[in-house]
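Just below is one structure, and these are the notes that go with it.
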Amino acid sequence: MKEKLIEKTLMLLAFSAIGALLLMAVFIFKEGMPIIFKVGIKNFLFSTHWAPTKGHFGVSSMIVSSLFVTIGAMIIGVPLALACAITLAEFAPQRVTVILKPTIELLAGIPSVVYGFLGVVLLVPLIRDYLGGPGLSLLAASIILAIMILPTITSISIDAIKAVPYSYKEGSLALGATHWQTIRMVILKAARSGIITAIILGMARAIGETMAVIMVAGNALRLPQSPLSPVRTLTSNIALEMGYAAGDHRAALFATGIVLFVFIMVFNVSANIITKRWRRE
Amino acid sequence: MAKRINPLMLQRIVKAQLWSLTGFTIGILFFIIFFISIKGLPQITLEFLTSNPVDMGRSGGIFSTIVCTLYLIFVSLMIAMPLGVGAAIYLTEYTRESRLTHIIRFGTECLAGIPSIIMGLFGFAFFVMALGLGWSILSGGMTMSIMLLPTIIRTTEESIKAVPYELREVSFSLGVTRWQTVTKVVLPSALPGIVTGIVLGIARCIEETAVIIFTVGSSLRLPESFFDSGRTMAVHFYILAREGISMPNAYGTAAILILSILFINLSAYYLARQFLKKIC
């Protein structure tokens, strides 16, 4: 009797995470959907005019900025992360990897406000002085985000590379290929799904990051003209205006949250599908 | 025809490039730690740690923000620990892989990917407004506990799975019930792994900013109960730096943030290694 009760209680607990996820989705959609219907889905997603106190709710410039910042972070971050992953999984001696992998993972532990702060103090003046523009820019946000997502991509890619069966490598080496040729033509091909999963999860992190981006991106409300122009992402829009928003304005911020939520779910689900395929392989 | 490079030569070049990129990455980490330490450590005195902020943080210390951070960690873990460990026990000990566990796992993974700003929005709409808890450590703790759940479930699951099956068989053969086996045999062996998850959760509470601003608020007063609003160290640092209130105090707070995160991560890593050694 007591055993049955315990089992039922534990089962209930097991649903806590998914329950929280559903509750979250319900609440954010309940708060945000009415305003989207009120201004029209097309208008909300494709207008660049955001003046919430005057009744204009268009988030397209923020969607574009979020995507550009994320793509920029990928262009800078992915090559670095893959270089680290290949070096640590293939070239470095075991003893070195054991120390360096957790060291890189430490980068993930540094609070995002600290990244943002360092961006403002060190990176923004550099960009302003050497490349022009206000310094607070899409480029600055991309560089900071690239550093922030490095550990995620590196550590999952290392696992993917290490999961490639040793016989593949032996086969290739036995055919006379060099270590690098083996890595490029055999190991990276076999680890492909795992590496793609790592990159997608990194993208999800980049598009969802808030505090660091607010501090370095400049937060200007228009479509980005160049990498040096200041931009406002979906996340920073929510965080910047939540403090004083009320009524329709607040609802519109929840609606911004819905857009972000949809992006994140698409990333997560595709990472999940690719991981499944990878496991099967 | 383009000149073919000798494969061995190419390998040497690539290897050098990859190593230098790795060195560069690790260099960034050390640079961040040293930069913040050099600027921040001179600010840290006993007085800085034990006196409350004065004049919005322009002078004085950070005592109230340390207390608020500790309260928040306490509340978050008190909620997330039983939920997360319970869920992990169910998934590993009470059920086989099925459609149901797949759905639970998928939900947990998705929850891990939800950005903190969305967590903050939800915590604000649900705990602060709908449940009427206002900006308080309780609202923040409950929101944070949802954020910690995936990590705690995953690390607990992994450490329970690592406990050898023979231990359970011996226990069952002695006529011990499943629940007693779990509490007396499985959990004690899996303890270091579970503690690793909890330690990582503590780090998460210290780092987080967006969620806290929306749910705990940013009041500088010393919180007296869990129903009070407050300001954690990370939020304090954010406000000091962003509004340019006091750079020395901002660096001091940042140094304490970084050093505590460093310490916590190293102890989590140490615990995990100990655990691996024990079961291998």
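Chains E and A supply the protein sequences, listed in that same order.
Counting along the first sequence from 1, when you hit position 152 you're at 157 in our numbering, and nothing is skipped either side.
Counting along the second sequence from 1, when you hit position 85 you're at 891 in our numbering, and nothing is skipped either side.
No residue lacks a Cβ here, since even glycine has one placed at the ideal position from N, Cα and C.
| Item | Value |
| --- | --- |
| Residues of chain E with CB under 7 Å from residue 1009/A, in chain order? | 114 |
| How big is the Cα-Cα spacing for residue 1039/A and residue 221/E? | 20 Å |
| For the region 181-203 of chain E, which residues have a CB atom closer than 9 Å to at least one CB atom of chain A, in sequence order? | 182, 183, 184, 185, 186, 188 and 189 |
| Among the candidates 51/E, 125/E and 15/E, whose CA atom is the shortest distance from the CA of residue 1049/A? | 125/E |
| Buried or exposed for residue 181/E, going by 16 or more other Cβ atoms inside 10 Å? | exposed |
| Would you please verify whether the beta carbon of residue 760/A is less than 9 Å from any beta carbon of chain E? | Nothing about residue 760/A can be read from this structure; chain A reaches only from 807 to 1086. |
| Please decide whether residue 174/E counts as near chain A, where near means a Cβ-Cβ distance under 9 Å. | no |
| So, is the C-beta of residue 25/E closer than 9 Å to a C-beta in chain A? | yes |
| To the nearest angstrom, how far is the alpha carbon of residue 1027/A from that of residue 1035/A? | 8 Å |
| Would you kindly work out how many angstroms separate the C-alpha atoms of residue 78/E and residue 999/A, rounded to a whole number? | 33 Å |
| Beta-carbon of residue 990/A versus every beta-carbon of chain E: anything under 9 Å? | no |
| Return no unless some Cβ of chain E is closer than 9 Å to the Cβ of residue 875/A. | no |
| Start and end of the alpha helix (DSSP H) containing residue 36/E? | 21-44 |
| Any idea which residues DSSP pairs residue 865/A with across the strands? | 860/A |
| If we count the other Cβ atoms within 10 Å of its Cβ and call it buried at 16 or more, is residue 807/A buried or exposed? | Summary for residue 807/A: the model assigns pLDDT 47, below 50, so the residue's position carries little reliability; its value from the coordinates is reported in the next sentence. By the 10 Å Cβ count, residue 807/A comes out exposed. |
| Could you say if the region 22-40 of chain E and the region 260-273 of chain E meet the contact criterion of at least three C-beta pairs nearer than 8 Å? | yes |
| Measure the alpha-carbon distance for residue 73/E versus residue 922/A and round it to whole angstroms. | 20 Å |
| Got a sec: is the Cβ-Cβ distance from residue 903/A to anything in chain E below 9 Å? | no |
| If we ignore side chains and look at the alpha-carbon of each, how far apart do residue 1011/A and residue 950/A end up? | 7 Å |
| Nearest by alpha-carbon distance to residue 48/E: which of 58/E, 62/E and 205/E is it? | 62/E |
| Considering only residues of the same chain and omitting the five flanking positions on each side of residue 208/E, which have a CB-CB separation below 7 Å? | 75, 79 and 272 |
| Which residue's Cα is closest to the Cα of residue 115/E: 1065/A, 990/A, 916/A and 1077/A? | 1065/A |
| In terms of alpha-carbon separation, which member of 914/A, 972/A, 932/A and 1071/A lies closest to residue 35/E? | 932/A |
| Quick one: measure Cβ to Cβ for residue 89/E and residue 159/E, integer angstroms, because I've assumed they're closer than 8 Å. | 5 Å |
| Note the first and the last residue of the continuous alpha helix (DSSP H) segment covering residue 273/E. | 252-285 |
| Taking buried to mean at least 16 other C-beta atoms within 10 Å of its own C-beta, is residue 3/E buried or exposed? | Residue 3/E lies beyond the stretch modelled for chain E, which goes from 6 to 286, so this question has no answer here. |
| Grab the span of the alpha helix (DSSP H) containing residue 985/A for me, first residue to last. | 984-987 |
| Give the straight-line distance between the Cα atoms of residue 213/E and residue 919/A, rounded to the nearest whole angstrom. | 9 Å |
| Out of curiosity, what's the CA-to-CA distance linking residue 278/E and residue 818/A? | 37 Å |
| Any idea what DSSP makes of residue 1032/A, helix, strand or coil? | coil |
| If the criterion is Cβ atoms closer than 9 Å, does the pair residue 40/E and residue 260/E meet it? | yes |
| Determine which residues of the region 72-86 of chain E have a Cβ less than 7 Å from any Cβ of chain A, and write them out in chain order. | 85 |
| Quick one: which chain E residues come within Cβ less than 8 Å of residue 817/A? | 183, 184, 185 and 186 |
| With 16 other CB atoms within 10 Å as the buried threshold, where does residue 791/A fall? | Because chain A here runs from 807 to 1086, residue 791/A falls outside it and cannot be looked at. |
| Mind checking the region 949-965 of chain A against chain E and listing, in chain order, the residues whose C-beta falls within less than 7 Å of any C-beta there? | 952, 955, 956 and 959 |
| Would you kindly work out how many angstroms separate the C-alpha atoms of residue 134/E and residue 128/E, rounded to a whole number? | 10 Å |
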